[in-house]
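In what follows, a single structure is set out as structure tokens and then discussed.
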Amino acid sequence: MPKIISILNQKGGVGKTTLTVHLATALARAGERVLLIDADPQGSALDWSAAREGAALFPVAGLPKASLHKELPALAAGYTVVLIDGPPRVYDVARSAIMASDLVLIPVQPSPYDVWAAKEIVDLLAEAAVFKPTLKSAFVVNRKIANTAIGRDVTDALAEYPVPVLSASVCQRVLFAESAARGQTVYELMPDGAAGKEIDALTAEVLGMAV
Ligand SMILES: Nc1ncnc2c1ncn2[C@@H]1O[C@H](COP(=O)(O)OP(=O)(O)OP(=O)(O)O)[C@@H](O)[C@H]1O
Ligand SMILES: [Mg+2]
4 MPKIISILNQ KGGVGKTTLT VHLATALARA GERVLLIDAD PQGSALDWSA AREGAALFPV
64 AGLPKASLHK ELPALAAGYT VVLIDGPPRV YDVARSAIMA SDLVLIPVQP SPYDVWAAKE
124 IVDLLAEAAV FKPTLKSAFV VNRKIANTAI GRDVTDALAE YPVPVLSASV CQRVLFAESA
184 ARGQTVYELM PDGAAGKEID ALTAEVLGMA V
């Protein structure tokens with residue numbers, strides 16, 4: 004069975020799609036057979052894939068449905084990792100993604116608004132834990148601003164929730180937006196750059212959790 008990892012947050016614009024396409028790329032580069040499920044009716048990961056000019060490293064399939072957990076096993080056959088890019092706000096799809104997952108990653112920006120808004124997804128996870136006790140979850144700090152205390156502050160504030168914060172985090176870098184415009188990733192725009200190294204570290208930590 005493939006490992007199923009959802010990237011979820013009811014709050015919009017926190018970096019769910021950005022982290023999903025980067026994790027998918029890093030995992031594919033590491034030799035995993037990756038399927039990316041776009042569970043967002045906005046279809047951002049599908050748009051990203053359509054904008055891509057180079058060869059695809061993994062397929063992207065749209066499945067923005069509350070029946071996702073029922074349909075996924077048939078689609079996931081033959082893959083080693085399935086990443087699900089979640090929608091903002093849509094509860095029934097997020098619930099279905101949680102049901103399907105072994106691990107849920109929650110991107111949060113270093114802002115008190117993101118810390119407060121995370122309560123919604125943490126509550127959904129707590130609901131699911133009743134009938135899915137093996138489910139794992141973790142926060143990922145995204146858009147950290149280098150040389151500021153706010154990254155550390157957000158980690159402290161998130162400690163109020165019963166969900167761990169990954170040690171790997173991703174900084175605010177314009178390269179993430181620039182690469183997305185062409186359906187690419189930071190690896191292609193700047194091979195061996197600092198952004199790619201952050202994604203490598205994140206991927207290693209996620210793989211360690213998902214086994
Ligand atoms: N680490 C980063 N550095 C710079 N820009 C970033 C970073 N992460 C995300 N962004 C930018 O922030 C915006 C929102 O990111 P993204 O679309 O990944 O969020 P999302 O959570 O998927 O949003 P939605 O809830 O609408 O699906 C995009 O323009 C993206 O390029
Ligand atoms: Mg998105």
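Going by the numbering used here, the first residue of the sequence shown is number 4, and it counts up by one from there.
Idealized CB from N, CA, C, for every residue including glycine.
All of these numbers come straight from a predicted model, not from anything done at the bench.
ask   = Helix or strand or just coil, what does DSSP make of Leu161?
value = Stepping through the sequence shown from its first residue, residue 161 is reached at position 158. DSSP places Leu161 in helix when its eight states are reduced to three.
key: C-beta contact flag for Leu86 and Leu26 at 9 Å   = Counted from its first residue, the sequence shown places residue 86 at position 83. Counted from its first residue, the sequence shown places residue 26 at position 23. Yes, the Cβ-Cβ distance between Leu86 and Leu26 is below 9 Å.
inquiry  = Taking the alpha carbon of Ala103 as the reference point, which residue from Ala131, Pro62, Val125, Ala121 has its own alpha carbon closest?
reply    = For the purposes of this step, residue 103 is identified with residue 100 of the sequence shown, where counting begins at 1. Of all alpha-carbon atoms in Ala131, Pro62, Val125, Ala121, the one lying nearest the alpha-carbon of Ala103 is that of Ala131.
message = Quick check on the DSSP output: the alpha helix (DSSP H) that includes Ile148 runs from which residue to which?
response = For the purposes of this step, residue 148 is identified with residue 145 of the sequence shown, where counting begins at 1. Unbroken run through Ile148: none, as it is neither H nor E.
ask   = Can you name, in chain order, every residue of its own chain whose Cβ lies under 7 Å from the Cβ of Ala48, other than the five neighbours on each side?
value = Numbered from its first residue, the sequence shown carries residue 48 at position 45. Excluding residues up to 5 positions away in sequence, Thr20, Thr23, Val24, Leu39, Asp41, Val63, Asp88 lie with their Cβ nearer than 7 Å to the Cβ of Ala48 in the same chain.
message = If contact is defined by three or more beta carbon pairs under 8 Å, each pair taking one atom from either stretch, is the segment 174-193 in contact with the segment 54-73?
response = With the cut-off at 8 Å, the segment 54-73 and the segment 174-193 touch.
query = By Cβ distance, which residues of its chain are closer than 8 Å to Lys139, with the 5 residues on each side in sequence left out?
reply = Here residue 139 refers to the residue found at position 136 when the sequence shown is read from its first residue. Counting only Cβ-Cβ distances below 8 Å, and skipping sequence neighbours, we find Asp105, Leu106, Val107, Met212, Ala213.
Residues near Gly199 in its chain [Cβ-Cβ closer than 6 Å; skip 5 each side] = On the sequence shown, residue 199 is found 196 positions in, with the first residue counted as 1. Same-chain partners within the cutoff: Val189, Tyr190.
key: Closer than 8 Å: Gln45 CB and nearest ligand 2 heavy atom   = Counting from 1 along the sequence shown, the entry for residue 45 is found at position 42. Yes, the Cβ of Gln45 comes within 8 Å of a heavy atom of ligand 2.
query = In chain order, what residues of the same chain have a beta carbon less than 7 Å from the beta carbon of Tyr164, not counting five sequence neighbours either side?
reply = On the sequence shown, position 161 is the one that residue 164 refers to. By the criterion of a C-beta distance shorter than 7 Å, Tyr164 is surrounded in its chain by Ala121, Val125, once the five residues flanking it on both sides are discounted.
message = Runs of 3 residues minimum, wholly inside the segment 58-116: which ones carry the beta strand (DSSP E) assignment?
response = List check, beta strand (DSSP E) in window: 63-65, 84-88, 106-111.
query = Between Val37, Gly15, Ala58, Arg32, which lies nearest to Pro44 when the distance is taken from Cα to Cα?
reply = Numbered from its first residue, the sequence shown carries residue 44 at position 41. Per the Cα distances, Gly15.
task = Go through its chain and collect everything with a Cβ distance to Val17's Cβ below 7 Å, but skip five positions before and after it.
result = As a position in the sequence shown, residue 17 is number 14, starting the count at 1. Answer for Val17: Pro110, Val111, Gln112, Asp117, Asn145, listed in chain order.
ask   = Who are the Cβ neighbours of Pro90 in its own chain at under 8 Å, not counting the five residues just before and after it?
value = Here residue 90 corresponds to residue number 87 of the sequence shown, with the count starting at 1. The answer, listed in chain order, is Ala42, Asp43, Pro44, Gln45, Pro67, Val96, Ala97.
task = Give me whichever residues DSSP pairs with Ile8 in a beta bridge.
result = What you label residue 8 is simply residue 5 of the sequence shown in a count that begins at 1. Bridge partners of Ile8 according to DSSP: Leu86, Leu106.
ask   = So Ala129 packs on Pro167, CB below 8 Å; how close in whole Å?
value = As a working mapping, residue 129 is identified with position 126 in the sequence shown. As a working mapping, residue 167 is identified with position 164 in the sequence shown. Actually they do not touch by this definition, with Cβ atoms about 15 Å apart.
task = Give every residue of the same chain whose Cβ lies closer than 7 Å to the Cβ of Leu127, excluding the five residues on either side of it in the sequence, and list them in chain order.
result = Here residue 127 is taken as the residue at index 124 of the sequence shown, counted from 1. Taken in chain order, the residues that qualify are Ala97, Arg98, Ile101.
Residue interval of the beta strand (DSSP E) (run including Leu38) = The residue you call residue 38 lines up with position 35 of the sequence shown. Where Leu38 is concerned, the enclosing beta strand (DSSP E) stretches over 37-41.
ask   = With which residues is Ala141 paired in a DSSP beta bridge?
value = To locate residue 141, count along the sequence shown from 1; it is residue 138. Checking the DSSP bridge columns, you'll see Ala141 partnered with Leu108.
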